[in-house]
Amino acid sequence: MTDIFGLLKGKPEDSDYEKKGVIVQGITGSYGSVHAKQMIAYGTNVVAGVTPGKGGQKFEETVPIYNSMQEAVDATNAKISILFVPAKFFLAAAKDALNSGIKLLVAIPEHVPIRDTMEALDLAKQKGAVIIGPNTPGIMIPELIKIGIMPPMPFKAGKIAVLSKSGTLLYEISDALTNAGFGQSITIGIGGDPVNGTRLIDAFEMVKDISDLEGLVIVGEIGGDSEEMLAQKIIDLGFNKPTVAYIAGRAAPKEKRMGHAGAIVMGNYGSAESKVSMFNKANIPVAKRPAEVPVLLAGKMEK
Numbered sequence: 222m223t224d225i226f227g228l229l230k231g232k233p234e235d236s237d238y239e240k241k242g243v244i245v246q247g248i249t250g251s252y253g254s255v256h257a258k259q260m261i262a263y264g265t266n267v268v269a270g271v272t273p274g275k276g277g278q279k280f281e282e283t284v285p286i287y288n289s290m291q292e293a294v295d296a297t298n299a300k301i302s303i304l305f306v307p308a309k310f311f312l313a314a315a316k317d318a319l320n321s322g323i324k325l326l327v328a329i330p331e332h333v334p335i336r337d338t339m340e341a342l343d344l345a346k347q348k349g350a351v352i353i354g355p356n357t358p359g360i361m362i363p364e365l366i367k368i369g370i371m372p373p374m375p376f377k378a379g380k381i382a383v384l385s386k387s388g389t390l391l392y393e394i395s396d397a398l399t400n401a402g403f404g405q406s407i408t409i410g411i412g413g414d415p416v417n418g419t420r421l422i423d424a425f426e427m428v429k430d431i432s433d434l435e436g437l438v439i440v441g442e443i444g445g446d447s448e449e450m451l452a453q454k455i456i457d458l459g460f461n462k463p464t465v466a467y468i469a470g471r472a473a474p475k476e477k478r479m480g481h482a483g484a485i486v487m488g489n490y491g492s493a494e495s496k497v498s499m500f501n502k503a504n505i506p507v508a509k510r511p512a513e514v515p516v517l518l519a520g521k522m523e524k
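Numbering of the sequence shown is given in the working numbering, commencing with residue 222 and proceeding in unit increments.
Structure, rendered in structure tokens:
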């Protein structure tokens with residue numbers, strides 16, 4: 222698997238910094254342009270944009286725009302792309318990126334057809350690439366790089382990794398952590414569609430070996446079994462860094478989709494009870510509300 226943390230953590234003085242540049246697909250769209258400006262303002266190394274038919278133009282007078290991902294990659298050697306296109310264009314844009322050599326693709330659009338996501342994932346696997354999303358707020362190393370739509374205010378550099386299915390809860394819980402003195406080493410929003418390029422267990426694999434990692438926060442929700450799979454993986458590995466969790470949707474009625482397309486309980490499958498029970502087996506306390514997360518984490522770290 223691509224070393225995501227290593228790929229993101231580049232600084233201008235690094236010899237391979239150019240490969241850590243970010244290409245924005247859909248940079249001239251109303252959504253893409255707003256967030257591209259915010260990423261640049263945060264310090265993200267946006268090296269190119271792609272909008273078919275607008276090649277040769279400049280975004281904000283500095284970022285070159287290309288007609289295709291191949292042209293952009295050839296010109297910049299970048300390995301990271303963020304995708305701001307409507308869901309119906311996701312597959313074509315993802316193929317364009319992956320076939321051009323992109324190794325980390327952050328897919329913002331939601332409600333992507335499941336078949337399109339599966340096809341993109343199959344190609345990513347063939348290419349040794351990673352897709353974050355679809356329907357993700359993005360990924361960031363606070364105070365270094367932001368690839369996504371998250372506001373910068375809640376986040377602060379530190380040594381706690383945060384993995385989340387929910388964008389808004391990622392912001393809220395990171396803000397609570399920051400206010401309690403727990404900065405974040407990396408935050409990953411895996412997305413809320415039924416099928417995601419990066420599951421919770423995959424995101425865990427990306428962060429578990431970070432050298433100075435001091436703790437882990439898992440923000441899950443009803444639907445699917447990714448939280449149970451992650452809890453079992455933590456048990457199997459004997460992962461012993463302080464870890465706490467939060468599950469959204471505890472009061473949701475069964476068989477009614479709540480917010481995210483993947484947030485639905487069918488029978489006992491995907492229930493909050495199932496997830497909380499499995500986290501308890503892994504010795505991971507589950508907060509009843511977001512503000513309780515840093516309290517539980519402090520307790521785990523004291524032990």
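Glycine included, every Cβ here is placed at the ideal spot set by N, Cα and C.
Segment contact: the region 313-333 against the region 257-270, fewer than three CB-CB distances shorter than 8 Å; contact not assigned. In this chain, the beta strand (DSSP E) harbouring E442 covers G436 to E442. When the beta-carbon positions are compared, G359 and G410 come within less than 8 Å of each other.
I505 counts as buried, since no fewer than 16 other beta carbons sit within 10 angstroms of its beta carbon. As the crow flies, the alpha-carbon of S498 is around 56 Å from that of G277. A508 and I286 have their C-alpha atoms some 45 Å from each other.
DSSP places T272 outside both helix and strand once states are collapsed to three, so it counts as coil. Per DSSP, the continuous beta strand (DSSP E) segment holding T464 begins and ends at T464 to A469. Following the DSSP letters along the chain, one finds G253 inside the alpha helix (DSSP H) bounded by residues S251 to Y263. Contact between G418 and I352 holds: their C-beta atoms lie close to 3 Å from each other, under 8 Å. Of the other Cβ atoms in all chains shown, fewer than 16 fall within 10 Å of the Cβ of K502; this residue is therefore exposed.
According to DSSP, S302 shares a beta bridge with I244 and L326. Taken atom to atom, the span from the alpha-carbon of L326 to that of R420 is near 14 Å.
Residue range G359 to I362 is occupied by the beta strand (DSSP E) that includes M361, with no alpha helix (DSSP H) assigned at that position. Going by beta carbons, A328 and P307 fall outside the 8 Å limit. Straight-line spacing of the CA atoms in M290 and K524 works out to 49 Å. Comparing C-alpha distances from E331 to each of K348, T297, T399 and V416 shows the shortest one belongs to V416. Of the other Cβ atoms in all chains shown, fewer than 16 fall within 10 Å of the Cβ of L458; this residue is therefore exposed.
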